[in-house]
Amino acid sequence: MPGKTTSADEAQKKAAGKKPVGKKPAAKTKSRSIGRPKGKRRIGKTFLVDKTVELLRTVPPEKLSLSMAARHAGVHLTLFKYYFTDRTRLLVDVARTLSIALGDGVAAIETKELPAPERLRIRIDAMVDFFFTNPFYYRLMVEIIGDDTDPLATELITVWMSKTLDIYKEIIDAGEAEGSLRPIDPYFTFVAIMGVCEQFQHASRIVERTQAVGGGRSRNTAAEYKAFVYELMIKGLGTEKLAKAR
Numbered sequence: 001m002p003g004k005t006t007s008a009d010e011a012q013k014k015a016a017g018k019k020p021v022g023k024k025p026a027a028k029t030k031s032r033s034i035g036r037p038k039g040k041r042r043i044g045k046t047f048l049v050d051k052t053v054e055l056l057r058t059v060p061p062e063k064l065s066l067s068m069a070a071r072h073a074g075v076h077l078t079l080f081k082y083y084f085t086d087r088t089r090l091l092v093d094v095a096r097t098l099s100i101a102l103g104d105g106v107a108a109i110e111t112k113e114l115p116a117p118e119r120l121r122i123r124i125d126a127m128v129d130f131f132f133t134n135p136f137y138y139r140l141m142v143e144i145i146g147d148d149t150d151p152l153a154t155e156l157i158t159v160w161m162s163k164t165l166d167i168y169k170e171i172i173d174a175g176e177a178e179g180s181l182r183p184i185d186p187y188f189t190f191v192a193i194m195g196v197c198e199q200f201q202h203a204s205r206i207v208e209r210t211q212a213v214g215g216g217r218s219r220n221t222a223a224e225y226k227a228f229v230y231e232l233m234i235k236g237l238g239t240e241k242l243a244k245a246r
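Here the UniProt record's numbering is used: position 75 in the sequence shown is 75, and no number is missing along the way.
Below is the structure:
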C-alpha cells in the first residue's frame, strides 16, 4: 500500500545508517619528559637522603649506586635520577646532611664561654658517637673529593673544611689566650682527632671480642675510649700550666 512502510523497509534503513564495526584506533599516548615519577605516594628528597644515610651505615660509599639506593628505599630508580641526576649529587646531599647533624649535635652542647680543653672534649665525645653510627663518613668525604668535576662537590668540601678549620683555630686561639693550649696547627689537630675517633667503631669490636673470649669484665668501651683520646690529646696539646692544674 502506497505511503506505508513495511518492517523490511525499516530494517534496510537501519542497516544503511549503521557505521561499520571495527577496532577503535589506538589512543595516542603523550611521551612524558623526564621528571618526577607519577604515583600516589609523594616521596620527597629528604626521605631519599635519609634512606641513603641509613644504607651507608653498612655499605661503603665507593660501593653505592643509585639503583642500590633505590632498592633500599623501596622506590623506582627514576625518582633518584629526578632528584639527584647522578651518584655524586646523591653523595653530596648525604654528606651535607651528615655534616649538619654532627655540627648541630656539637653546637647544642658547646659554647665559646667554656675552656678550650673542655670544648675539645665535647668534640671528641660527639665524634666518637657520630662515627660509631656513621662509620664511613670520612670515606664519604674522600669519595666526594675524588670527583673534582662537580661544582657542588667542590663547594661542599671547601665550605666544610673552611668552617671546621675556623672553629678549631678559634678554639686553639682561645686556649693560647687562657694559657691551656700551645700554639698548634688547627688542621693537624682536626685531622688527628677525626682519625682516632673514626677508628673506634672498628677497633671496639676487636676489644669487646677479645674481652669476651678471655672472660674479661664488662666495660663501657665508648666512655673509656673517649677519656683515653681526650687524655692523649690534652697531654700532647696542653701547656705545662694545664698539666699542673690537672
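Virtual Cβ for every residue (Gly too), placed ideally from N, Cα, C.
Quick one, are the C-beta atoms of residue 261 and L152 less than 7 Å apart? The shown model of the chain, from 1 to 246, leaves out residue 261, and the question about it has no answer.
Please state whether DSSP places residue 247 in a helix, a strand or coil. What the structure shows of the chain is the stretch from 1 to 246, and residue 247 is not part of that stretch, so it cannot be assessed.
Whose C-alpha, out of S99, R89, V191, F132, is nearest the C-alpha of Q150? Taking the sequence shown and counting its residues from 1, the one referred to as residue 150 is at position 150. The sequence shown places Asp at residue 150, rather than the Gln named in the question. Cα-wise, what sits closest to D150 is R89.
Please state whether DSSP places L114 in a helix, a strand or coil. Position 114 of the sequence shown, counting from 1, holds the residue named residue 114. In the three-state DSSP reduction, L114 falls in the coil class, being neither helix nor strand.
Inter-residue spacing [alpha-carbon to alpha-carbon] between P186 and I172: The residue you call residue 186 lines up with position 186 of the sequence shown. The residue you call residue 172 lines up with position 172 of the sequence shown. Rounded to the nearest angstrom, the gap between the Cα atoms of P186 and I172 is 7 Å.
Of the listed residues V94, D147, F136, nearest to T46 (C-alpha basis): In the sequence shown, residue 46 corresponds to position 46, counting from 1. Nearest of V94, D147, F136 to T46, Cα basis: V94.
Neighbour-count burial assignment, E54, 16 or more Cβ in a 10 Å radius: One-based indexing of the sequence shown puts residue 54 at position 54. Exposed is the call here.
Would you identify the three-state DSSP class for L79, choosing helix, strand or coil? In the sequence shown, residue 79 corresponds to position 79, counting from 1. Under the three-state reduction of DSSP, L79 is assigned to helix.
For the alpha helix (DSSP H) that L181 lies in, which residues bound it at each end? In the sequence shown, the residue the question calls residue 181 occupies position 181. L181 -> no alpha helix (DSSP H), and no H or E assigned at all.
Less than 8 Å between the CB atoms is what I'm expecting for L237 and R182, so what's the real figure, rounded? The residue labelled residue 237 in the question sits at position 237 within the sequence shown. The residue labelled residue 182 in the question sits at position 182 within the sequence shown. Sure, about 6 Å apart at Cβ, within 8 Å.
Smallest Cα separation from Y138: which of V75, R57, A69, F228? To locate residue 138, count along the sequence shown from 1; it is residue 138. The option with the nearest alpha carbon to Y138 is R57.
Quick check on S180: buried or exposed, where buried means 16 or more other Cβ atoms within 10 Å of its Cβ? Sequence index remark: in the sequence shown, residue 180 carries index 180 (1-based). Buried, by the Cβ-count rule.
Any idea if P60 is buried or exposed, counting beta-carbon neighbours within 10 angstroms, 16 or more meaning buried? Indexing the sequence shown from 1 puts residue 60 at position 60. Exposed, by the Cβ-count rule.
Sequence-distant residues of its chain with Cβ nearer than 8 Å to M141 (five each side left out): On the sequence shown, position 141 is the one that residue 141 refers to. Once the five neighbours on either side are set aside, the close Cβ partners of M141 are A95, I157, W160.
7 Å Cβ shell around S67 - same chain, five flanking residues per side excluded: The residue given as residue 67 occupies position 67 in the sequence shown. Taking S67 as the centre and dropping the five residues before and after it, the same chain places the C-beta of L77 closer than 7 Å to its C-beta, in chain order.
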